[in-house]
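**Q**
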Amino acid sequence: MVQIFQLPMFLPIPPLVCRHGPAGKIGVRRNMKSKFRDNLIGYLFISPWLIGFLVFTLYPFCQSFYLSFTRYNIIQPPKFIGLANYKMMFFDDPLFWASLGVTIKYALVAVPLVLVVGIGLALLLNVNIKGIAIFRTIFYLPSIVPMVATTSIFIWILSPQVGLVNQILAIFHIQGPIWLKDPHWTLWSLVFMAIWGAGGSMVIYLAGLKDIPQYLYEAATLDGASAIKKTQMITLPMLSPVIFFNLVMGVINTFQYFTQAFMISDGTGGPSNSTLFYALYMFQRSWKYLDMGYGSAMAWVLFIIIVAITTVIFRSQKRWVHYGR
Amino acid sequence: MDVEQGSGIGDQISGQNSVGRTISRVFLAIFLVCLGYGLITARAPSQTTTNRTKVIFWHRWSGYWEDVVKRIVGKFNASQTDYEVVPLFVTGAGSDTKFMLSTLGGDPPDVMSMGSDSLPSIASGGLLTDLETLMTPAEREYFHRVPYAAVRESGQFDGKTYGITIGADLMGYYVNCAQLREIGVDPDKPPKTFEELVALGERLTRRDKEGHIVRLGLSVDDLATQAIAWGGGFYDPKKGDLTINTPENLACLTALTAQKEKVGYKDAQRFWSSQNNGSSTGAWSFIPGGVSITYDGQWRVDEIHRAKPDMDYRIWPIIPPAGGKPLAGLMGGNFMIIPTSSKQKKGAFEFLKFWSGVTHPERAAESFVAGGWIPLSPDVANAPAYQKFLKENPQFQTFIDILAGPNCQSKPRIGYLQYYLDQITNTQEASFSNEKTPAVALKDLEQTVNTERRKRKELGFDDK
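Sequence order for the protein chains is A and B. Plus 3 on top of the position in the first sequence (first one is 1) and you've got the working numbering. Plus 1066 on top of the position in the second sequence (first one is 1) and you've got the working numbering.
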């Protein structure tokens, strides 16, 4: 029996008729009609995504670039003002720098920490003991809880007087800080919240660990390598593509950090602008203060920052990422 | 060579095409059914029960308050032969954005209850109707003569009236009488100065053996409003300009910060974090006695009435410092607006008049009483229904006194009001938490706001 490879229907099917002479022309036309019909069905199937992408991603993306050179309060038509938004942003807006500072500070702390915790958890959960699947599920669960729910829970956990964390500290006669109300502690509270969700990356690390060939460890054991040496010389290098992926994603997500900051500060970025993350300030400017032109300029600066950092990380991968080649 | 018919590649592809066509037809059929169903059901809620013209009303009240709104709307509809108002709740967060997008999209509400803080920026964009253009000369004359000045001015921008109150807000001190009597203080004799109030608050505060506050004697903030009692304020309505780093504002911020220091800012924050201070009925820490004297809005009167009707409490106006201004107030709250692109401006304005009392104040009084709201005018306040309400809730009289007093102001009528108010709150916070001294905090505020003003001017924003 002849097995026919299933072609995606929207791919053009090679014509089976002769391309020369009048008869060929008719054949080609008929075939093109048929091809169009076949392709049309395919495009119809992917049209929901295609339309969504064009209308809700590509168009706003291009439009925001134009808007960044305009004064636009959403209500009146945008008016071209050249580079004024960018000039104001860099030279006349202390909150722009404050928000960028908060975001970078958070990124510098949270991204490496979540990375380390994720790898640590994956290493711990990579052992073959009874009930390991339950442990893996437990550690993974927080990452599938909606962000809004997680933040609501953390607002209570970090409540200074009745919260779980300060109650535990009180057992050791330590008076815990007022966490989300103290500008010195808000960032750490958010880092704490980020670590809570490290289970998401842990699963990816775990998959990476499972992919490391066992014979490498066996060879190292024969050579008398210690567990630390094996981790240092085999596990981490072999896991480096996964670490690289999580690092890139972590940086991108951190620069778009919004929901948690919005919730714990009621959208204000307080106390004392300590949770005024870049994305939150961008939102305030765009929708609260009705300065969409400025918000768009901020979005493009954010885009450039993310692209720049990602490029640096990509360039650095030659030095530390091993693809087993 | 015999070739089995129908087994060729072409036939198989043709067979697949036939399957593809069938699937696509099924999908198309499902799509059309869904589309038809959507169109039918989308029309259903907006259908009126009569032939009257439909007026779409967006409001931001949910839960108990939504029922109040529905009752008012029901009364209006019952009084009408021409219009029928269809109320629609939109969540408070983002309601302005929804309004703007609906307007830009060509499907705005005909009338909407909007927060006063958003009004100037939206009005400056030309989205709101000047309500005076819908008034008759007699109504216009009445509107400029009778309503409380602060209420009227709060709905204005650039000399035009874009909003009329249907539920304005004022603030005062809620006082737990039983707790004051415990320490031998008569709740009917409020402290004469802010300093006395702070001392009273100290006496009322209770702590456990570890020093945690278990009852807060006095809770006070709101620099923007309190500063008026110090003879200052952040806007000069006569000059139409901002007043930020003034000696009066500095004195107010210093006094408020000193009060926080006395209680212990962090201790108070700890205490508040253990309280359920939600805005819903019964979820307010004043009612169970968590706070003895607390600063809050007039809407709490109705909440107390429903949650603990027998509660013995008083409402004091803002207590000024020695030599300060009594009965200080800063008007905010809900204002009814009509978009410029409203399709039923006349019907919308009829509804607005019905609720607010631009005409028929006696009838409008019933609406204000239904929600326990600040009235538009003395005519509404003196109407029998409102007087009956005041008799049942004598504490509410304090807000009427503030409203009628000379020190009740409207919020700055500037295009960047929201930004300005946010920065004032940040300044207060920075001072309370000792991050900055009051003097530095105010100086920084002035600098930040001036930078923003200059920036907006350079960018060509029409802020007035």
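Even for Gly, the Cβ is constructed at its ideal location relative to N, Cα and C.
Since S50 of chain A meets chain B, which of its residues come closer than 9 Å, beta carbon to beta carbon?
**A** Scanning chain B for C-beta atoms nearer than 9 Å to the C-beta of S50 of chain A yields nothing, as the closest lies near 11 Å away.
**Q** Taking a cut of 8 Å between CB atoms, which residues from the region 1484-1497 of chain B lie near chain A?
**A** Q1484, Y1485, D1488, T1491, N1492, E1495 and A1496
**Q** Show which residues of chain B have a CB atom less than 9 Å away from the CB atom of K108 of chain A.
**A** From the beta-carbon of K108 of chain A, no residue of chain B is found nearer than 9 Å; the closest lies around 17 Å away.
**Q** Under a three-way DSSP split, which group does T262 of chain A fall into?
**A** Per DSSP, reduced to three states, the secondary structure at T262 of chain A is helical.
**Q** Between the beta-carbon of E1261 of chain B and the beta-carbon of K1328 of chain B, is there less than 8 Å?
**A** no
**Q** Any C-beta of chain A within less than 8 Å: which residues of the region 1322-1335 of chain B qualify?
**A** K1332 and Q1335
**Q** Note down, one range per segment and in chain order, each alpha helix (DSSP H) of at least 4 residues found wholly within the region 1428-1492 of chain B.
**A** 1444-1447, 1450-1458 and 1463-1470
**Q** Where I1138 of chain B and K1326 of chain B are concerned, what is the direct C-alpha to C-alpha distance, given to the nearest angstrom?
**A** 42 Å
**Q** At 3 residues or longer, what runs of the beta strand (DSSP E) sit wholly inside the region 1315-1363 of chain B?
**A** 1357-1363
**Q** With a CB to CB cut of under 6 Å and the five nearest residues on each side skipped, what residues in its chain are close to T1320 of chain B?
**A** P1504
**Q** If you count every other CB in all the chains shown that lies within 10 Å of the CB of R1109 of chain B, and 16 or more means buried, which is it?
**A** Low local confidence applies: a pLDDT of 48 at R1109 of chain B is under 50, so the model's placement there is unreliable, with the coordinate-based value given in what follows. When all chains shown are included, R1109 of chain B counts as exposed.
**Q** Kindly indicate the opening and closing residues of the alpha helix (DSSP H) around R1206 of chain B.
**A** P1203 to R1211
**Q** When the Cα atoms are used, what is the spatial distance from T1163 of chain B to W290 of chain A?
**A** 7 Å
**Q** Taking the alpha helix (DSSP H) that G1181 of chain B falls in, what are its first and last residues?
**A** Looking at the DSSP string, G1181 of chain B is not in any alpha helix (DSSP H); the run it does join, the beta strand (DSSP E), is V1177 to G1181.
**Q** Would the beta-carbon of G1238 of chain B fall within 8 Å of that of P1383 of chain B?
**A** yes
**Q** Does the CB of A87 of chain A have a neighbour CB from chain C at under 8 Å?
**A** Chain labels in this structure do not include chain C; the protein chains are A and B.
**Q** Identify which residue in A:H325, A:V119 and A:D96 has its Cα closest to the Cα of R1522 of chain B.
**A** A:D96
**Q** Can you list, in chain order, the residues of its chain with a C-beta nearer than 6 Å to that of L19 of chain A? Leave out the 5 residues immediately preceding and following it.
**A** Interpretation of L19 of chain A is limited by its pLDDT of 42, a score under 50 that renders its predicted location unreliable; no figure is taken from the coordinates.
**Q** Using the C-alpha atoms, what's the distance from K1391 of chain B back to T1309 of chain B?
**A** 17 Å
**Q** Expressed to the nearest angstrom, what Euclidean distance is found between the alpha-carbon atoms of G1172 of chain B and Q1410 of chain B?
**A** 13 Å
**Q** Does the count of Cβ pairs from the region 189-198 of chain A and the region 105-123 of chain A closer than 8 Å reach three?
**A** yes
**Q** Where does L1170 of chain B fall in DSSP's three states?
**A** helix
**Q** DSSP has R1380 of chain B in a bridge; who is on the other side?
**A** B:V1241
**Q** What does N42 of chain A touch in chain B if you count any residue whose Cβ is under 9 Å from its own?
**A** The contacting residues do not exist; N42 of chain A stays about 11 Å from chain B at best.
**Q** Is it the case that the region 137-156 of chain A contacts the region 202-221 of chain A, given that we only count it when at least three CB pairs across the two stretches are under 8 Å?
**A** yes
**Q** Near T1291 of chain B, what residues of its chain come up, given a Cβ to Cβ distance below 8 Å and the 5 sequence neighbours on each side ignored?
**A** M1237, I1384, A1394, G1395 and L1396
**Q** According to DSSP, simplified to helix, strand and coil, what is F1165 of chain B?
**A** helix
**Q** Can you list, in chain order, the residues of its chain whose CB lies under 8 Å from that of K36 of chain A, leaving out five sequence neighbours each side?
**A** Once the five neighbours on either side are set aside, K36 of chain A has no close Cβ partner at all.
**Q** Where W191 of chain A and Y109 of chain A are concerned, what is the direct C-alpha to C-alpha distance, given to the nearest angstrom?
**A** 9 Å
**Q** Does T1202 of chain B pass the burial test, meaning 16 or more other C-beta atoms within 10 Å, or should it be called exposed?
**A** exposed
**Q** Around the Cβ of N1143 of chain B, are there at least 16 other Cβ atoms within 10 angstroms (buried) or fewer (exposed)?
**A** buried
**Q** Start and end of the beta strand (DSSP E) containing W1124 of chain B?
**A** T1119 to H1125
**Q** Reducing DSSP to helix, strand and coil, say where V1151 of chain B ends up.
**A** strand
**Q** Along chain A, in chain order, which residues have C-beta atoms closer than 9 Å to that of H1278 of chain B?
**A** Q164
**Q** What is the rounded straight-line gap between the Cα of F1417 of chain B and the Cα of V1151 of chain B?
**A** About 8 Å.
**Q** Assuming S299 of chain A and S71 of chain A are in contact, meaning their beta carbons sit under 8 Å apart, how far apart are those beta carbons, in whole angstroms?
**A** Contact flag correct, Cβ pair sits at about 4 Å.
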